[in-house]
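Single-structure report; data block below.
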Amino acid sequence: MDLDRLHEKIRLCQLCDLSLNRIKAVPGEGPCPAEIMLVGEAPGREEDLEGRPFVGRAGRLLDKALAEADLQRYEVFITSVIKCRPPDNRRPKRHEIETCRPYLEAQMKVLNPRVVCLMGNVATQAVLGKQGVTSLRGQIWQDRFLVTYHPAAVLRNRNLMKDFVSDLRKAKMPKD
Ligand code: URA
Numbered sequence: 049m050d051l052d053r054l055h056e057k058i059r060l061c062q063l064c065d066l067s068l069n070r071i072k073a074v075p076g077e078g079p080c081p082a083e084i085m086l087v088g089e090a091p092g093r094e095e096d097l098e099g100r101p102f103v104g105r106a107g108r109l110l111d112k113a114l115a116e117a118d119l120q121r122y123e124v125f126i127t128s129v130i131k132c133r134p135p136d137n138r139r140p141k142r143h144e145i146e147t148c149r150p151y152l153e154a155q156m157k158v159l160n161p162r163v164v165c166l167m168g169n170v171a172t173q174a175v176l177g178k179q180g181v182t183s184l185r186g187q188i189w190q191d192r193f194l195v196t197y198h199p200a201a202v203l204r205n206r207n208l209m210k211d212f213v214s215d216l217r218k219a220k221m222p223k224d
């Protein structure tokens, strides 16, 4: 399936109850194919309104971190595990993650990224089946997956910014 058709399917998806409260589904955006793919948790209020990933406060921090890592936002494909906003930004439930996961897998297949950056515990658990970003971060797993902090965690603790930027830099140049 091509990316446009896949994203149309996501925009119209009604496979779980998150579709009942959303304004817009947020498939993700960026180049196709993509060298680098960034995967967050789930859309928040602003993403739900705009239908675009990481356009709220966490997104502004992500833009800043990307710039510090010498990456432009338009160079990377940005998405989240869950494509619709959970009510009150609650954590996605396990069945929601399972229901949405085939969309992320299909995106990875079409985009064929060299590196997939898993930002935060939800993305790390959904893709690698592992917990504990603090101990897993900064390393490439299975030759492809780089675990790092979620930008919202960096917003809560600015001391994490340095490692977050260094992880993004590693996604750009894994051998450095
Ligand atoms: N947090 C996410 O995980 N994804 C978004 O798109 C926005 C905030």
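In my numbering, the protein residues as written are 49 to 224. Glycine residues also receive a C-beta, built at the ideal position from the N, C-alpha and C atoms.
Exercise. Buried or exposed: where does Q155 fall if 16 or more other Cβ atoms within 10 Å of its Cβ makes it buried?
Worked result: buried
For this session: Would you list the one or two residues that DSSP bridges to V163?
Result: DSSP, once it has assigned bridges, lists I84 as partnering V163.
Exercise. Which residues in the same chain as T147 place their Cβ atom closer than 8 Å to its Cβ, once the five residues preceding and following it in sequence are excluded?
Worked result: L63 and C64
Exercise. How many Å lie between D111 and Q120 at the Cα?
Worked result: If you draw a straight line from the Cα of D111 to the Cα of Q120, it comes to about 8 Å.
Exercise. Taking any heavy atom of ligand 1 as the mark, which residues have a C-beta closer than 5 Å to it, listed down the chain?
Worked result: Answer in sequence order: G88, E89, P91, G92, E95, P101, F102, A106 and S128.
For this session: Starting from the N-terminal side, write out each stretch of the alpha helix (DSSP H) that is 4 residues or longer and does not extend beyond the region 52–131.
Result: 66–69, 93–98 and 105–116
For this session: Verify whether the separation of the beta carbon atoms of G88 and M209 is less than 8 Å.
Result: no
Exercise. Who are the Cβ neighbours of G104 in its own chain at under 8 Å, not counting the five residues just before and after it?
Worked result: G92, R93, E94 and E95
Exercise. Name the DSSP bridge partner or partners of L194?
Worked result: C165 and I188
Problem set entry | Best match in E77, N69, D211 and H198 for proximity to E56 [C-alpha to C-alpha] | E77
Problem set entry | Beta-carbon spacing of P101, I126 below 8 Å | Closer than 8 Å, so yes.
Problem set entry | P199 versus R59, I58 and L86, residue with shortest Cα-Cα distance | If we check each option's Cα against that of P199, L86 comes out closest.
Problem set entry | Reference K218; option with closest CA among A174, A106 and R162 | Of A174, A106 and R162, the residue nearest in Cα terms is R162.
Exercise. For C132, which of F212, D50 and L68 has the nearest alpha-carbon?
Worked result: L68
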